[in-house]
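Worksheet for the structure shown next.
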Amino acid sequence: MSVFNTLTPDELMFGYEEKLTKIASTIYPREKRPPSKMGLLIGRNSSLLNDVETIYTGEKGMENFGLLDKLNGLDHLPYWNSLPCNNIRASEGSLFPPRDLTKEDVVHVFDKDLCRTWPLRYRWNEVKDGITVGRYTPDDNAFTYSDRNSNNKCFCPGRQKCPPDGLQDISPCQFDAYVVHAFELEKASE
1 MSVFNTLTPD ELMFGYEEKL TKIASTIYPR EKRPPSKMGL LIGRNSSLLN DVETIYTGEK
61 GMENFGLLDK LNGLDHLPYW NSLPCNNIRA SEGSLFPPRD LTKEDVVHVF DKDLCRTWPL
121 RYRWNEVKDG ITVGRYTPDD NAFTYSDRNS NNKCFCPGRQ KCPPDGLQDI SPCQFDAYVV
181 HAFELEKASE
């Protein structure tokens, strides 16, 4: 047995049989069961997505346009125990309320892979192909757990210590396997 696998591009992207993953898919509880195959795009094909997102259309006012109302019938994210971490008030990423109307400098985006919403901060306007657009970038403290952003401590439930700044523990939406996402490696604490 080798720690390396020789795969075709199709297998790498869309799945291949892997003994440990196959075993885990049979013994994990149904709600935490991983796919039976290993692949970079497993579960990303729209035919495999099971989430139902209810969003505001703007029919009753543009201040909530494009924001999630419910995810799978829930008005909060099931991965985290308390606000603001389980807040669902965010866009799925392509529609936002008009800034001219809301006067908000921060918009939130729901990222399924990170099990959370995260803030994008308005920085400036620029012109692209003759159209004025707002430039948004991730908020400076989006992945900060220290005293500079105590709001993020609820992303560390049941842990005595949060991950270093710049990292995100995404175990709750990765079958409780300890998985950490590096937002920006150069900003991550040592």
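For what it's worth, UniProt numbering labels the leading residue of the sequence shown as 1, then goes sequentially. Where is the CB? At the ideal position from N, CA and C, for every residue including glycine.
Reduced DSSP category for residue i - H, G, I as helix; E, B as strand; rest coil
{"i": "LYS60", "result": "coil"}
{"i": "PRO172", "result": "helix"}
{"i": "GLU17", "result": "strand"}
{"i": "ASP75", "result": "coil"}
{"i": "ALA24", "result": "helix"}
{"i": "SER91", "result": "strand"}
{"i": "ASP147", "result": "helix"}
{"i": "LYS153", "result": "helix"}
{"i": "LEU12", "result": "helix"}
{"i": "ILE55", "result": "strand"}
Assigned exposure category for residue i - 16 Cβ within 10 Å defines buried
{"i": "residue 192", "result": "Missing from the structure shown is residue 192; the chain here goes from 1 to 190 and no further."}
{"i": "TRP80", "result": "buried"}
{"i": "GLY66", "result": "buried"}
{"i": "ILE23", "result": "exposed"}
{"i": "ILE131", "result": "exposed"}
{"i": "residue 193", "result": "Here the chain has residues from 1 to 190 only, and residue 193 is not among them."}
{"i": "residue 220", "result": "Because residue 220 is not part of the residues shown, which for the chain are 1 to 190, the question remains open."}
{"i": "PHE96", "result": "buried"}
{"i": "PRO29", "result": "exposed"}
Cα-Cα separation between residue i and residue j, rounded to whole angstroms
{"i": "GLU63", "j": "LYS19", "result": "49 angstroms"}
{"i": "GLY73", "j": "ASP176", "result": "22 angstroms"}
{"i": "LYS128", "j": "LYS103", "result": "22 angstroms"}
{"i": "ILE27", "j": "PRO34", "result": "10 angstroms"}
{"i": "CYS173", "j": "VAL180", "result": "11 angstroms"}
{"i": "residue 194", "j": "TYR56", "result": "Limits of the chain in this structure are 1 at one end and 190 at the other, which puts residue 194 out of reach."}
{"i": "VAL52", "j": "LEU71", "result": "6 angstroms"}
{"i": "ASP169", "j": "CYS156", "result": "7 angstroms"}
{"i": "HIS108", "j": "TYR178", "result": "25 angstroms"}
{"i": "GLY134", "j": "LEU101", "result": "14 angstroms"}
{"i": "GLY166", "j": "ASN149", "result": "12 angstroms"}
{"i": "ALA90", "j": "LEU83", "result": "13 angstroms"}
Start-to-end residues for the beta strand (DSSP E) that takes in residue i
{"i": "ASP169", "result": "167 to 169"}
{"i": "GLU123", "result": "In the sequence as presented, Glu is not what sits at residue 123; that position holds Arg. Note, ARG123: beta strand (DSSP E), 116 to 128."}
{"i": "PHE108", "result": "Here the sequence assigns His to residue 108, which means Phe is not the residue at that position. Segment 106 to 111, the beta strand (DSSP E) holding HIS108."}
{"i": "ALA182", "result": "180 to 182"}
Boundaries (first-last residue) of the alpha helix (DSSP H) holding residue i
{"i": "THR132", "result": "THR132 -> not in any alpha helix (DSSP H); beta strand (DSSP E) instead, spanning 131 to 138."}
{"i": "LEU101", "result": "99 to 102"}
CB contact check: residue i to chain B, cutoff 8 angstroms
{"i": "ALA142", "result": "The structure shown contains no chain B; it is built from a single protein chain."}
Residue i CB to nearest heavy atom of the ligand ADP below 7 angstroms
{"i": "ASP100", "result": "Among the components of this structure there are no ligands whatsoever, and the ligand ADP is therefore not found."}
Whole-Å CB distance - residue i paired with residue j, under 8 angstroms assumed
{"i": "PRO138", "j": "TRP124", "result": "Rounded, the Cβ-Cβ distance is 15 angstroms, inconsistent with contact."}
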